[in-house]
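Encoded as structure tokens, the structure appears first; notes follow it.
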Amino acid sequence: MDILKDLQDRGLIYQSTDLDLLRKRLGEGPITLYCGFDPTADSLHIGHLVTALTLRRFQLAGHHAIALVGGATGLIGDPSGRTSERTLNQKETVEEWVEKLKKQLSRFIDFDSSQNPARMVNNYDWTKSLDVISFLRDVGKNFSINNMLAKESVSSRLDKGISFTEFSYMILQSYDFFKLYELYGCELQLGGSDQWGNITAGTDLVRKMHNEKVTVHGLTLPLITKSDGTKFGKSASGAIWLDADKTSPYAFYQFLLNVDDNDVIKLLKVFTFLTIEEILELEQEVATAPEKRVAQRTLAEEVTRLVHGEEALQRAIHITNSLFHGEIRNLTGQEITEAFQDVPSTTLSDQQGSLVDALVQVGAAKSKREAREFISNGAITVNDVKVTHIATKLAELAPLDGKYLVIRRGKKKYYLCEVVA
RNA sequence: GGAGGGAUACCAAAGUGGCCAACUGGGGCGGACUGUAAAUCCGCUGGCAUCGCCUUCGUAGGUUCGAAUCCUACUCCCUCCA
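If you count the first sequence from 1, you need to add 6 to reach this note's numbering.
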């Protein structure tokens, strides 16, 4: 399989070093490649999936993938794409995040396969023991300040200011590439479009360290944008995380299910392993029967399964069905706790309390006034029954399984109240 | 250093003694329509409550029966001249 053609068909190639040379090299046999992930948060988000899955595409095509977590670079801070200096994170925090990222990456990249297992590395391992003198003599000598200043990540910060720490970032990342070439014969680095400067700095370093006799390659992937020009991956409530505790599988599934018709095909190409042919069929489906949203459903299922597993996917579908197409009343108490574990909930002790107070307590309304407004607007449904009387008491609402009140506000916001004696 | 202009609710922007909880636009939220869409239309958008009450218009005081509106001081921002 021609991996480069597949990536091109999917719109996944943005910038590259000599593409013909890379194609030639790939034709000669499996290549070792790497992509780095810096621990800047306790979880990856949906944007990281683009590069992580591309790494997997290479692995599936028989190439040797290395996933690097930036235990060292995460302590320094990449200036790329940032308009201001980062605040340094605590060492312990970064260590913790490294572990979390490692765990997440193993969901998409196969480190245990018997034929072609991928490798996980942490650049802290070879950076921690680097002493200043050898770093400056052996590595630093290969970097020209003039060149470094010209890089977008640095030049864009010269007016606003940049610390020496962040300025040096690209040297560390370049050293990673060099180190991986030495250790594992790694010849290709993948990254997001903002990584171009760091990647070329790396290919340059490897070449210089070998007296211009070695060529390694770099590839960047495009930033995924929506048809309205904005960045993909942000919901009203913030980033879409891969950590189930930060973005529930249900919310994750819903996010993808709700993508615009104009974006869904592009996203299928980027985020799924469906063949281009299969995706083109779905494109037809969008054109002829958009209301069925087959493409969106496919996208949501494929990616949720990939990130959270089959079981979580089924749960997300089940919740979706009962919330949007089924009857909540049909659910058992156990199913309710399961279905609404991702939804804001609260426990009410006063069965004689008013619905208005309950709405405020569960967070469905910011104030009693707003709660009353929602009720009189017909925005509030409790256990499938629309409530329109402001003075409604909890006791009148017939809890499911004797204790659950499933409150819906508007069309798709849910809250769960458990009433205890 | 000198001269002038401004600070209003999430943002923008009216209001210049009582009719102001404060025009209007955007955003947000809710409703109708729909495909859990887009577009469109309608409503709400300080808090508590049974008429009504309480807290808000940069900060702190003052004048007045009554102030976002007038006066004083302070803080911050902008423009122009040096």
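Virtual Cβ for every residue (Gly too), placed ideally from N, Cα, C.
Going by DSSP, Y187 is part of the alpha helix (DSSP H) stretching over Y175 to Y190. In the structure shown, the three-state DSSP call for F170 is helix. A straight-line Cα-Cα distance of about 37 Å links A67 and N95.
Within the segment 290-344, the runs of alpha helix (DSSP H) that reach at least 4 residues and sit entirely inside it are, in chain order, 300-314 and 316-326.
Counting only residues of its own chain and dropping the five nearest sequence neighbours on each side, R62 has a CB closer than 6 Å to the CB of F114 and I115. Proximity of the segment 78-91 to the segment 27-38 falls short of the contact definition, fewer than three beta-carbon pairs being nearer than 8 Å. In the structure shown, the three-state DSSP call for H54 is helix. Under the three-state reduction of DSSP output, G80 falls in the helix class. Annotation: T278 to I285 spans about 9 Å, alpha carbon to alpha carbon.
In this chain, G42 is not harboured by any alpha helix (DSSP H); it is covered by the beta strand (DSSP E) spanning T38 to F43.
The count of Cβ pairs closer than 8 Å, one atom from the segment 392-406 and one from the segment 316-333, stays below three, leaving the stretches out of contact. By the C-beta density criterion, R414 is buried, having at least 16 other C-beta atoms within 10 angstroms. Counting along the chain, the unbroken alpha helix (DSSP H) around I205 starts and ends at W202 to M215. Where A364 is concerned, the enclosing alpha helix (DSSP H) starts and stops at L361 to V368.
If you draw a straight line from the Cα of N122 to the Cα of H70, it is about 7 Å long. Straight across, the Cα-Cα distance linking V366 with S373 is about 6 Å.
Contact between the segment 262-280 and the segment 223-232 is present: three or more C-beta pairs spanning the two stretches fall below 8 Å. Annotated three-state conformation of T226 is strand, per DSSP. When DSSP states are grouped into helix, strand and coil, Y20 belongs to the coil group. Looking at the DSSP output, Y259 sits in no beta bridge, so it has no partner there. Taking all protein chains shown into account, F170 has fewer than 16 neighbouring C-beta atoms within 10 Å of its C-beta and is therefore exposed.
Taken through DSSP and simplified to helix, strand or coil, A73 comes out as strand. V160: member of the alpha helix (DSSP H) spanning E158 to S161, first to last residue. Contact between S112 and W247 is ruled out by a C-beta separation of about 17 Å, above the 8 Å threshold. Under the three-state reduction of DSSP, N128 is assigned to strand.
Note on geometry: alpha-carbon atoms of G80 and T46 lie some 6 Å from one another. Annotation for A245: H51 place their beta carbon closer than 6 Å to its own, counting only its chain and skipping 5 residues before and after.
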